[in-house]
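All remarks here apply to the structure that follows.
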Amino acid sequence: MLPSGITLMLSEFAGKNSASFQWMIYVTGLAPTPLIALLLLINIGIGLWILWGTACILLVGERIVKSPAGRNRSSFASVRRQGMHYVIPLFLTNILRDIFTLLWMLLLIIPGIIYKIRTSFYAVIIICEGKEYRESLQRSKELVHGHTWQVLWYFIVAGLLLFLPSMALSGFLVEAARTFDPRTVPTAIVASGALLALSTMLFQLTTVQIYKALKSLTKS
């Protein structure tokens, strides 16, 4: 919830000519270029924070898959410690995936989209199978091979069901705050971050379940 709320808050300051950006210049005493660099560094830090949260959620999802009855329990502190070890592999593998996707798209758009779909499970594979970097991307491609369009369909349906309502409600909350009492905008943004964080968590757990189903199909 916190990184999502902070990310949305920072988006309020994204416009170089916006009143919020000028207010930040006044408060920090920084020139526009150093301030933009500072905001960029903050965004990178938040991105790594979000990856840590993603790793923790996938660790919980892995344990739910392996032990649905809940017999394999760990403390939140233990999950946090384990999740920290996956931040750099997730970060670097995501960059590697984006590079490969861009290279495919330089040839043709469709192969790039297909590559993106087939490597969608790299994060789950890093957590659940311990494969990292190119190995996790290759493993994801093997898992999805022959089921590309079914996976795309599942992701579209899950995305619409989970993100569309939260995005609509988030937008309504922020706009209502701006209209009726601008002082409540930060509160509305934090509430929006909480809604989007919940949707993201459920989407990631859904991804783990789809991964489990694909593994079952490849074994049969």
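Going by our numbering, the first residue of the sequence shown is number 121, and it counts up by one from there. Think of the CB as a built atom: it goes at the ideal place given N, C-alpha and C, for glycine as much as any other residue.
For the putative contact between residue i and residue j, defined by C-beta atoms under 8 Å, what is the C-beta separation to the nearest angstrom?
| i | j | result |
| --- | --- | --- |
| residue 328 | residue 181 | 4 Å |
| residue 283 | residue 240 | Incorrect: roughly 15 Å between the Cβ atoms, too far for contact. |
| residue 310 | residue 294 | Not really, about 10 Å apart at Cβ, beyond 8 Å. |
| residue 308 | residue 297 | 4 Å |
Are residue i and residue j close, meaning C-beta to C-beta below 8 Å?
| i | j | result |
| --- | --- | --- |
| residue 213 | residue 234 | no |
| residue 259 | residue 251 | yes |
| residue 168 | residue 247 | no |
| residue 290 | residue 316 | yes |
| residue 227 | residue 254 | no |
| residue 256 | residue 286 | no |
| residue 323 | residue 278 | yes |
| residue 264 | residue 334 | yes |
| residue 321 | residue 177 | yes |
| residue 199 | residue 331 | no |
Under the three-state reduction of DSSP, which class applies to residue i: helix, strand or coil?
| i | result |
| --- | --- |
| residue 331 | helix |
| residue 235 | helix |
| residue 218 | helix |
| residue 241 | coil |
| residue 228 | coil |
| residue 136 | Confidence is the limiting factor: at residue 136 the pLDDT is only 47, short of 50, which leaves the residue's position unreliable and the question unanswerable from this model. |
>> Restricting to runs no shorter than 4 residues, where is the alpha helix (DSSP H) found entirely within the stretch 247-274?
In response: 254-264
>> Tell me whether the stretch 160-174 and the stretch 200-212 touch, counting them as touching only if at least three CB pairs, one residue from each stretch, are closer than 8 Å.
In response: With the cut-off at 8 Å, the stretch 160-174 and the stretch 200-212 touch.
>> I'd like the ranges of any alpha helix (DSSP H) spanning at least 4 consecutive residues and lying wholly in the stretch 272-300.
In response: As summarised for the stretch 272-300, there are no continuous alpha helix (DSSP H) elements at least 4 residues long confined to that stretch.
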